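In the order they appear, the protein sequences are chains P and R.
Counting from 1, one number per residue, gives the positions in the first sequence under UniProt numbering.
Counting from 1, one number per residue, gives the positions in the second sequence under UniProt numbering.
Just so it is clear, CB atoms sit at the ideal spot from N, CA and C, and this is done for glycine as well.
Small disclaimer: the values here were computed from a predicted structure and weren't measured.
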Amino acid sequence: MSDYIVEMKHITKRFPGIVANDDVSIGIKKGEIFALLGENGAGKSTLMSILSGMYEPDEGEVYIRGEKVQISSPNHAAKLNIGMVHQHFKLVPDYTITENIILGIEPMKRFAGIFPYVDIQSANRKIEELSKSFGLEVDPKKRITDLTVSMQQRVEILKVLYREAEILIFDEPTAVLTPQEIEFLLDIIEGLRQGGKTIILITHKLDEIKKVADRCAVLNKGKLIDVLDVKETSTNYMAQLMVGREVSFESAKTPAQMKDEVLKVENLTVKNEDGFEVVKDVSFSIRGGEIFAIAGVADNGQVEIADAIAGLTKVSSGKILLNEQDITDERIRKRTEAGISYIPEDRQSVGLILDFDVATNLALKQYYKEPFSRNGILNKEEFDQFGNRLIEKYDIRSGQGIQTQVRSMSGGNQQKAIIAREIELQSPLMIFVQPTRGVDIGAIENIHKMMIQERDKGKAILLVSLELDEIMDVADTIGVIYNGRLQKVASSESLTKNEVGEYMMGAKHG
Amino acid sequence: MDKDKRKLNLSKIIFKPIRNEKWQPITIPVVSIVISFIAAAIVILLIGKNPLQAFYNLLQGAGIMPKPAYAGYKSMLTDFLSLLNAMTPLVFASLAVAVALKAGLFNIGVSGQMLVSGFIATIIVGYSGLDAIIAKPLVLVVGFITGGLVGGLVGWLKYRFNINEVVSTIMLNYTAQYIISFFIQMYYIDPLSRQSKYVSEEARLTLVNVEMANLKMDIPLGFILAIVVAILLKFLLDRTVVGYEIKAVGANRKAAKFAGINVGKNMVLAMVISGGLAGLAGVTYYLGYYASIQPKVLSSMGFDSIAVSLLGNIHPIGIIFSSFLVSIIDQGSTYMSSQAGIRQEIASVIIGLILLFSACGAYLKHKASQLKEKNVDRKERRS
Numbered sequence: 001m002s003d004y005i006v007e008m009k010h011i012t013k014r015f016p017g018i019v020a021n022d023d024v025s026i027g028i029k030k031g032e033i034f035a036l037l038g039e040n041g042a043g044k045s046t047l048m049s050i051l052s053g054m055y056e057p058d059e060g061e062v063y064i065r066g067e068k069v070q071i072s073s074p075n076h077a078a079k080l081n082i083g084m085v086h087q088h089f090k091l092v093p094d095y096t097i098t099e100n101i102i103l104g105i106e107p108m109k110r111f112a113g114i115f116p117y118v119d120i121q122s123a124n125r126k127i128e129e130l131s132k133s134f135g136l137e138v139d140p141k142k143r144i145t146d147l148t149v150s151m152q153q154r155v156e157i158l159k160v161l162y163r164e165a166e167i168l169i170f171d172e173p174t175a176v177l178t179p180q181e182i183e184f185l186l187d188i189i190e191g192l193r194q195g196g197k198t199i200i201l202i203t204h205k206l207d208e209i210k211k212v213a214d215r216c217a218v219l220n221k222g223k224l225i226d227v228l229d230v231k232e233t234s235t236n237y238m239a240q241l242m243v244g245r246e247v248s249f250e251s252a253k254t255p256a257q258m259k260d261e262v263l264k265v266e267n268l269t270v271k272n273e274d275g276f277e278v279v280k281d282v283s284f285s286i287r288g289g290e291i292f293a294i295a296g297v298a299d300n301g302q303v304e305i306a307d308a309i310a311g312l313t314k315v316s317s318g319k320i321l322l323n324e325q326d327i328t329d330e331r332i333r334k335r336t337e338a339g340i341s342y343i344p345e346d347r348q349s350v351g352l353i354l355d356f357d358v359a360t361n362l363a364l365k366q367y368y369k370e371p372f373s374r375n376g377i378l379n380k381e382e383f384d385q386f387g388n389r390l391i392e393k394y395d396i397r398s399g400q401g402i403q404t405q406v407r408s409m410s411g412g413n414q415q416k417a418i419i420a421r422e423i424e425l426q427s428p429l430m431i432f433v434q435p436t437r438g439v440d441i442g443a444i445e446n447i448h449k450m451m452i453q454e455r456d457k458g459k460a461i462l463l464v465s466l467e468l469d470e471i472m473d474v475a476d477t478i479g480v481i482y483n484g485r486l487q488k489v490a491s492s493e494s495l496t497k498n499e500v501g502e503y504m505m506g507a508k509h510g
Numbered sequence: 001m002d003k004d005k006r007k008l009n010l011s012k013i014i015f016k017p018i019r020n021e022k023w024q025p026i027t028i029p030v031v032s033i034v035i036s037f038i039a040a041a042i043v044i045l046l047i048g049k050n051p052l053q054a055f056y057n058l059l060q061g062a063g064i065m066p067k068p069a070y071a072g073y074k075s076m077l078t079d080f081l082s083l084l085n086a087m088t089p090l091v092f093a094s095l096a097v098a099v100a101l102k103a104g105l106f107n108i109g110v111s112g113q114m115l116v117s118g119f120i121a122t123i124i125v126g127y128s129g130l131d132a133i134i135a136k137p138l139v140l141v142v143g144f145i146t147g148g149l150v151g152g153l154v155g156w157l158k159y160r161f162n163i164n165e166v167v168s169t170i171m172l173n174y175t176a177q178y179i180i181s182f183f184i185q186m187y188y189i190d191p192l193s194r195q196s197k198y199v200s201e202e203a204r205l206t207l208v209n210v211e212m213a214n215l216k217m218d219i220p221l222g223f224i225l226a227i228v229v230a231i232l233l234k235f236l237l238d239r240t241v242v243g244y245e246i247k248a249v250g251a252n253r254k255a256a257k258f259a260g261i262n263v264g265k266n267m268v269l270a271m272v273i274s275g276g277l278a279g280l281a282g283v284t285y286y287l288g289y290y291a292s293i294q295p296k297v298l299s300s301m302g303f304d305s306i307a308v309s310l311l312g313n314i315h316p317i318g319i320i321f322s323s324f325l326v327s328i329i330d331q332g333s334t335y336m337s338s339q340a341g342i343r344q345e346i347a348s349v350i351i352g353l354i355l356l357f358s359a360c361g362a363y364l365k366h367k368a369s370q371l372k373e374k375n376v377d378r379k380e381r382r383s
């Protein structure tokens with residue numbers, strides 16, 4: 001009993017319209033890496049928010065080191081040596097690493113015994129030691145703006161370590177990282193464990209759990225399904241428990257039935273804001289019934305290609321033809337009407353208006369047309385009917401139906417709403433940019449299925465993804481981009497994953 | 001323990017009415033106002049006066065409650081009409097602020113836009129000698145167009161050169177103030193009043209000293225228009241494509257662009273509407289409530305309207321009520337000071353307190369939801 005450092009017993013937490021945690025009991029041993037696995041909205045984050053003092057449970061008890069506690073605030077949690085590394089970083093960009101870390105608990109000294117000042121020097125030293133001892137390797141004097149995402153994450157980790165956290169909660173830590181960075185982070189986590197820390201890892205990536213975690217609790221719809229010993233469990237079984245049904249990792253895809261050419265891109269060149277060419281002389285075409293995927297390491301110009309086609313970025317030279325119609329200089333709305341659906345990478349700041357409700361967001365691309373409006377007057381009933389129909393058809397889960405503010409929905413359901421809206425446009429060309437980023441396995445499977453379904457209806461699909469597995473699974477044709485140039489375009493059967501990887505790194509040229 | 005209980009009861013009284021989220025847009029301002037009146041009562045008690053008496057005097061002065069005696073040709077009705085007369089430009093000005101806020105823009109130049117519109121309408125129509133039936137509508141049209149142009153300029157500067165609208169509107173306030181002051185002093189000055197010459201009765205939007213039932217009253221024609229415009233604006237924002245686009249641009253510019261909405265056009269349009277409404281405020285102020293313009297003075301109404309707009313939840317109908325309340329305090333303050341011996345400035349203190357507490361609306365909301373959770377916890381622990 002007392003070998004658990006954290007024990008949560010019969011935790012129930014309700015929100016309006018939803019039970020986020022339903023009688024969940026878990027115990028975490030000192031010095032282990034404990035993973036929490038579950039789909040978006042399964043209740044992982046809520047459970048950990050209770051542990052880190054953001055919420056109080058409606059029912060149930062929390063024991064830390066065998067003592068019953070009521071964690072009332074994040075500060076209280078910090079006193080109990082619990083620290084959370086958030087998915088979205090909370091850093092001041094213009095401050096140095098040290099300044100960020102000591103924020104709120106600045107070490108003070110007095111100059112000439114009177115005038116207080118912040119003792120940056122000693123803080124710098126302490127942070128350097130701390131970072132070395134856990135293999136984090138940061139320069140404490142650097143400013144946050146100059147750091148990469150993975151470095152910023154390390155600062156977040158250091159922040160909780162500096163506050164002497166013994167129990168570290170990582171909320172989806174790998175969602176924003178590249179594959180190499182993920183490797184590194186997992187090493188860091190392993191290092192922290194060896195340093196005597198207890199780690200709780202919230203994630204829905206099974207391979208990461210398999211790699212580092214000792215035990216793993218699976219949550220589904222707020223309920224605890226099982227606590228598994230990771231070494232003795234297959235990823236497939238874990239996935240099954242998490243989703244509550246059998247998951248097919250290989251998408252059931254029939255060979256493509258290609259039709260006429262829908263999109264043709266000729267010698268496309270795009271410059272970024274600094275006038276630097278990020279897309280260089282790219283040409284390709286997509287036919288109806290084909291999924292064309294652009295593979296590449298992040299920031300090699302693939303997003304700019306998608307943006308240029310949709311009209312979000314200016315084309316500096318080249319041509320874009322949709323169904324043989326030149327749309328290179330058309331406005332965004334004209335392109336949408338000409339037949340482009342677009343699922344953007346940044347769903348929260350581009351794809352949705354978070355303060356609007358679901359119905360309003362679902363109508364975002366059609367509100368100005370009949371039957372949504374007539375002579376400039378909106379038809380609210382049509383908004384509601386359309387919203388209800390899409391919620392039903394695409395299984396968009398929200399607390400209060402069409403009136404739910406999109407901000408309060410989980411990431412996966414936000415993505416479902418966007419995809420629903422874009423599919424309903426019935427466009428001959430659909431562009432998906434990183435459609436499965438940050439969504440759980442069940443939803444990924446679903447999104448892939450929808451993509452293939454749309455393909456089979458004869459649509460041309462452009463997929464931009466950083467996940468090579470995803471591309472290998474769903475694409476019919478793969479174009480590999482490196483440094484703004486398409487290195488290779490070939491059918492997916494003719495390429496192996498390794499070959500694509502080599503083109504992606506620029507090690508091999510087509 | 002006992003103290004704890006009492007504290008709990010107090011917070012219950014404050015937060016119970018605002019627990020229902022559906023009604024919060026109404027209950028939060030109401031509770032804010034009640035709290036601010038309690039705070040104002042404390043202030044009045046501190047200077048040794050009776051707060052209930054003072055509040056009653058405020059209502060009497062504003063024509064809501066009868067005074068014990070009236071001068072000749074005056075009654076409660078005439079007081080009430082002059083309240084509406086003063087309230088009319090405030091409604092327009094607050095609506096102007098609200099439209100801009102919906103589009104994510106902060107129009108702090110309502111005062112300047114009011115002045116420009118009032119001035120242009122004064123020199124074009126006010127001194128023209130046109131018949132009332134032409135002059136009055138023309139004043140409104142000129143006011144709306146002039147204000148709309150000034151607002152549109154601000155929107156265009158923002159869209160074309162990315163000039164922050166706060167900066168450009170403040171600068172335009174000064175520009176308008178001094179240029180117009182120059183013209184008034186050079187060409188339109190009334191040497192006795194040191195203000196611009198009075199506009200003709202025909203052009204004025206308030207019918208002054210209308211004799212009816214042995215009373216002389218000021219009838220603010222613009223008031224009806226203000227109510228109609230508020231309702232129209234609500235319809236525009238909630239039920240039309242234009243309103244949808246403006247709100248989308250205000251809520252998330254990137255997403256609006258992605259959805260194919262012309263962001264620049266909508267920003268300019270929102271500022272044209274906002275400026276136009278400020279123009280209506282200007283003509284109902286300078287050619288209604290007053291009939292002349294004081295040079296080198298910018299009306300404080302354009303700034304008060306920001307707070308009134310927020311107190312009304314940036315909602316057109318809410319703004320009618322918040323303008324009404326603020327106007328009562330404003331109008332009643334003279335009577336209060338003469339009757340209760342409380343300085344007129346106390347009325348400003350009350351308005352200040354109301355606005356201060358209404359700005360705390362977000363805090364009240366947060367506190368209410370927190371309390372709700374705690375109550376649920378307590379009940380469960382007990383059972």
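For a cutoff of 9 Å on Cβ pairs, would you count S410/P as touching chain R? In the first sequence, counting from the first residue as 1, residue 410/P sits at position 410. With 9 Å as the cut-off, S410/P does not count as an interface residue toward chain R.
Apart from the five residues on each side of it in sequence, which residues of its chain come closer than 8 Å, Cβ to Cβ, to S133/P? Residue numbering aside, residue 133/P sits at position 133 when the first sequence is read from its first letter. Counting only Cβ-Cβ distances below 8 Å, and skipping sequence neighbours, we find G195.
Just curious, the beta strand (DSSP E) that I11/P is in, first and last residue? Along the first sequence, read from residue 1 onward, the residue named residue 11/P stands at position 11. Where I11/P is concerned, the enclosing beta strand (DSSP E) stretches over 4-15.
Is there contact here, the region 341-357 of chain R with the region 310-328 of chain R, by at least three beta-carbon pairs under 8 Å? yes
Best match in A291/R, I123/R, Y286/R, I320/R for proximity to S299/R [C-alpha to C-alpha]: Reading the second sequence from its first residue, position 299 is the one you call residue 299/R. It is Y286/R.
Below-9 Å beta-carbon distance, R125/P vs any chain R residue: The sequence position of residue 125/P within the first sequence is 125, counting from 1. Taking Cβ atoms only, chain R never reaches closer than 9 Å to R125/P, which makes this a no.
Along the chain, which unbroken stretches of the beta strand (DSSP E) at least 3 residues long are found entirely within the region 115-170 of chain P? 115-118
T240/R: contacting residues in chain P (beta-carbon distance under 9 Å): Here residue 240/R corresponds to residue number 240 of the second sequence, with the count starting at 1. Simply S373, G376, I377, L378.
Let me confirm a value: L84/R is counted as buried when at least 16 other C-beta atoms fall within 10 Å, else exposed. Which label applies? The count along the second sequence starts at 1 and reaches residue 84/R at position 84. With 16 or more other Cβ atoms within 10 Å, it is buried.
Comparing the C-beta of residue 556/P with each C-beta of chain R, is any distance below 9 Å? Outside the displayed span of chain P (1 to 510) sits residue 556/P, for which this structure offers no information.
Please compile the residues from chain R whose C-beta is within a distance smaller than 7 Å of the C-beta of Y367/P. As a working mapping, residue 367/P is identified with position 367 in the first sequence. Those within 7 Å of Y367/P in chain R are V241, Y244.
Could you give the distance in angstroms between the alpha-carbon of S75/R and the alpha-carbon of A62/R? Position 75 of the second sequence, counted from the first residue, corresponds to residue 75/R. Position 62 of the second sequence, counted from the first residue, corresponds to residue 62/R. Those two C-alpha atoms are separated by around 11 Å.
4 or more residues per run - each alpha helix (DSSP H) lying fully within the region 268-335 of chain R: 301-311
Contacting residues, own chain, Cβ-Cβ under 6 Å from Y188/R (five flanking each side not counted): Taking the first residue of the second sequence as 1, we reach residue 188/R at position 188. Same-chain partners within the cutoff: S196, K197.
When DSSP labels each residue in this structure, what does K223/P get in the three-state scheme? For the purposes of this step, residue 223/P is identified with residue 223 of the first sequence, where counting begins at 1. If DSSP states are grouped into helix, strand and coil, K223/P belongs with the strands.
Paired residues, beta bridge with T96/P - DSSP: As a working mapping, residue 96/P is identified with position 96 in the first sequence. Beta-bridge pairing links T96/P to R143/P.
In this structure, does DSSP put M65/R in helix, strand or coil? Your numbering for residue 65/R matches position 65 in the second sequence. Residue state, collapsed to three classes: coil.
Is the shortest distance between the beta-carbon of S427/P and the beta-carbons of chain R less than 9 Å? If you number the first sequence from 1, residue 427/P lands on position 427. Not closer than 9 Å to any Cβ of chain R, the Cβ of S427/P fails to qualify, so no.
Along chain R, in chain order, which residues have C-beta atoms closer than 8 Å to that of P435/P? As a working note, residue 435/P is residue 435 in the first sequence. Ordered by position in chain R, no residue passes the 8 Å Cβ test against P435/P, which lies about 15 Å from the chain.
Where the beta strand (DSSP E) containing P29/R begins and where it ends: Residue 29/R sits at position 29 when you count from the first residue of the second sequence. Counting along the chain, P29/R falls outside any beta strand (DSSP E), though it belongs to the alpha helix (DSSP H) covering 24-46.
Anyone know if the C-beta pair for I33/R and S358/R falls short of 9 Å? Looking up residue 33/R in the second sequence gives position 33. Looking up residue 358/R in the second sequence gives position 358. Result yes, Cβ atoms of I33/R and S358/R sit closer than 9 Å.
Chain-ordered neighbours of V251/R on chain P, where CB pairs are closer than 7 Å: For this step, residue 251/R is matched to residue 251 along the second sequence. First, the residue type needs correcting, since residue 251/R is Ala and not Val in the sequence shown. The answer, in chain order, is I353, D355, F356.
Which of the three DSSP states, helix, strand or coil, is assigned to residue 384/R? There is simply no residue 384/R to check, as chain R begins at 1 and stops at 383 in what is shown.
Inter-residue Cα distance where the pair is L205/R and V92/P: Taking the first residue of the second sequence as position 1, residue 205/R is located at position 205. Taking the first residue of the first sequence as position 1, residue 92/P is located at position 92. In a straight line, the C-alpha of L205/R is about 54 Å away from that of V92/P.
Going along chain P in order, which residues have a C-beta closer than 9 Å to the C-beta of G361/R? Here the question's residue 361/R lines up with position 361 in the second sequence. Here the premise fails: no neighbours, minimum Cβ distance about 16 Å.
Between Q325/P, Q414/P, D299/P, which lies nearest to V350/P when the distance is taken from Cα to Cα? In the first sequence, the residue the question calls residue 350/P occupies position 350. Looking at the Cα atoms, Q414/P is the closest of the given residues.
Endpoints, alpha helix (DSSP H) assigned at R389/P: Here residue 389/P refers to the residue found at position 389 of the first sequence. 380-394 is the extent of the alpha helix (DSSP H) around R389/P.
Using 9 Å as the threshold, is the C-beta distance between T88/R and G288/R below it? Along the second sequence, read from residue 1 onward, the residue named residue 88/R stands at position 88. Along the second sequence, read from residue 1 onward, the residue named residue 288/R stands at position 288. In contact: T88/R and G288/R (Cβ atoms closer than 9 Å).
Distance between K29/P and R125/P (C-alpha atoms, nearest Å): Looking up residue 125/P in the first sequence gives position 125. Looking up residue 29/P in the first sequence gives position 29. Spanning the two alpha carbons is a distance of roughly 32 Å.
Which word fits M1/P, buried or exposed, when buried means at least 16 other C-beta atoms lie within 10 angstroms of its C-beta? Locating residue 1/P in the first sequence gives position 1, where the first residue counts as 1. Confidence at M1/P is low in this model, with a pLDDT of 45, below 50, so the placement of that residue is unreliable and no value is reported for it.
Which residue wins for smallest C-alpha separation from N300/P, given the options E277/P, G288/P, I286/P? As a working mapping, residue 300/P is identified with position 300 in the first sequence. Checking every option, the nearest Cα to that of N300/P belongs to E277/P.
Proximal residues to S317/P (C-beta, below 6 Å), its chain only, five neighbours per side dropped: Sequence index remark: in the first sequence, residue 317/P carries index 317 (1-based). Only T269 meet the Cβ criterion.
Could you check the C-alpha separation between L311/R and T27/R for me, to the nearest Å? To locate residue 311/R, count along the second sequence from 1; it is residue 311. To locate residue 27/R, count along the second sequence from 1; it is residue 27. Between L311/R and T27/R, the C-alpha separation is close to 12 Å.
Contact criterion: CB-CB distance below 9 Å. Does G260/R meet it with respect to chain P? For the purposes of this step, residue 260/R is taken as residue 260 along the second sequence, with counting starting at 1. Closer than 9 Å: yes.
Helix, strand or coil for M505/P, going by three-state DSSP, please let me know. Taking the first residue of the first sequence as position 1, residue 505/P is located at position 505. Looking at M505/P - three-state DSSP - the assignment turns out to be coil, as it is neither helix nor strand.
Distance, Cα to Cα, E61/P vs G411/P? On the first sequence, residue 61/P is found 61 positions in, with the first residue counted as 1. On the first sequence, residue 411/P is found 411 positions in, with the first residue counted as 1. About 29 Å.
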